[in-house]
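J.: Mapped onto full-length UniProt numbering, the consecutive letters of the sequence shown carry residue numbers 1 to 334.
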Amino acid sequence: MTALRLGTRRSALATTQSGWVADRLREAGHEVELVEITTEGDVSGELLTAIGGTGVFAAAIRRALLDGRIDVAVHSLKDLPTTPEPGLVVGAVPVREDSRDVLVARDGLTLGELPAGSVVGTGSPRRTAQLAALGLGVRIRPIRGNVDTRIGLVASGAVDAVVLARAGLARLGRLDEATEVLDPIQILPAAGQGALAVECRSDRHDVVSAVSVLDDPDTRACVVAERSLLAALEAGCTAPIGALAEVVEGDDGLELSLRGFVGSEDASVELRRSLVGPYDEPESLGRRLAQILLEDGAAGLDMTDHPTSGTGEPVAADPEHAPRQAPHQPEQVS
């Protein structure tokens, strides 16, 4: 049995996610203490572009890990930079929640039922670009804040609807407030959306071993493919990016199906491509699909007003079986 100090942000969603991981570790026989950590992103009211992007939510917790003040951290995987952090490792990627986005709209409306000119709130250029590409005539209002704040904008009439990650509402027990689950054919999620990353120091082999029981090979394979696509695209463009990988049955066994989106917020460019590849080669699949997107026009997109800064969601957005052999080691997720 290992006694573990688990660091978490203070938000309702962060503590819920961390509590879920803590309960799984306790079930495995470990003592777990939750340690609250305040990040700059939690105390600042400025847009994330002004304070360093979504990475500000992970930075303080990562410092606590490296300093030895905590043993384990739980992140929304989409908020972690794709560049590995020296000295740290993602020891587990638990079973993923549903990765799709949802609409929370007035009067129970769906996206297709919103009248032209309706105001939809989102802080995500990825969502903005895909909403624009649908040609529904809605207007986008940039917003920030936690789930309560965003849904409150709908209740107050400040906006007609907001788009949120389904996983966050599910973990908070608030799925009944969603008026529509958005099909990925309409809006692809951010790379890693719905998945959690359980991070620890790479030199703490006891902790790595303790958290490894939470790892789900299928989820890890999918998020490695998505983040590999994201990393490769960020080297060639800074446009809004969506990605979703799924495990599928192929003629010769398990395969990965990966879809990617790159576009512009004014809908002048919309690239959607997909590729299927070996289950045990997720990084290669991500890079190959990224190359296709770059060759088909993504390389020419330059939207420096909305850089992604190495994260799974652009900086204007607020940061979310029977065991098989995992195709990759923990280091390859972070």
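Heads up, the beta-carbon is just placed ideally off N, CA and C, and yes, glycines get one too.
(1) Do you know how far the Cα of A3 is from the Cα of G312?
(2) Are the region 130 to 149 and the region 209 to 225 touching, with three or more C-beta to C-beta distances below 8 Å?
(3) In whole angstroms, what separates the C-alpha of residue 341 from that of G253?
(4) At what residues does the beta strand (DSSP E) containing I241 begin and finish?
(5) For R201 and R287, I'd like the C-alpha separation in whole angstroms.
(6) Would you be able to state if there are at least three C-beta pairs under 8 Å between the region 66 to 76 and the region 12 to 29?
(7) In terms of residue numbering, what span does the beta strand (DSSP E) encompassing S268 cover?
(8) In the DSSP assignment, what residue or residues form a beta bridge with P278?
(9) If you compare alpha carbons, which of K78, G87, P81 and T83 is closest to A64?
(10) Let me confirm a value: residue 346 is counted as buried when at least 16 other C-beta atoms fall within 10 Å, else exposed. Which label applies?
(11) Which same chain residues end up closer than 6 Å to V207 when comparing Cβ atoms and leaving out the 5 residues on each side of it in sequence?
(12) Just verifying my parser: in three-state terms, what is the DSSP assignment at H205?
(13) Does the distance from the CB of L111 to the CB of E27 come in under 8 Å?
(14) Keeping to the same chain, check which residues put their C-beta closer than 6 Å to that of A232; ignore five residues upstream and five downstream.
(15) Evaluate contact between the region 291 to 301 and the region 244 to 263, counting only Cβ atoms and requiring at least three cross-stretch pairs below 8 Å.
(16) Taking Cβ to Cβ, would you say L175 is nearer than 8 Å to R259?
(17) Please say whether R106 and A161 have beta carbons closer to each other than 8 Å?
(18) If we count the other Cβ atoms within 10 Å of its Cβ and call it buried at 16 or more, is D67 buried or exposed?
(19) Kindly indicate the opening and closing residues of the beta strand (DSSP E) around A132.
T.: In terms of the structure at hand:
(1) The predicted model places G312 with a pLDDT of 35, which falls under 50 and marks its position as unreliable; any figure quoted below should be read in that light. The C-alpha of A3 is placed about 31 Å away from the C-alpha of G312.
(2) no
(3) Because residue 341 is not part of the residues shown, which for the chain are 1 to 334, the question remains open.
(4) I241 to G250
(5) 27 Å
(6) yes
(7) It is not in any beta strand (DSSP E) - S268 carries neither H nor E in the DSSP assignment.
(8) E255
(9) G87
(10) It is not possible to answer for residue 346, since the shown part of the chain is limited to 1 through 334.
(11) D71 and C200
(12) Helix.
(13) no
(14) R287 and A290
(15) yes
(16) No, the Cβ-Cβ distance between L175 and R259 is not below 8 Å.
(17) yes
(18) Exposed is the label assigned to D67, since fewer than 16 other Cβ atoms lie within 10 Å of its Cβ.
(19) Looking at the DSSP string, A132 is not in any beta strand (DSSP E); the run it does join, the alpha helix (DSSP H), is P125 to A133.
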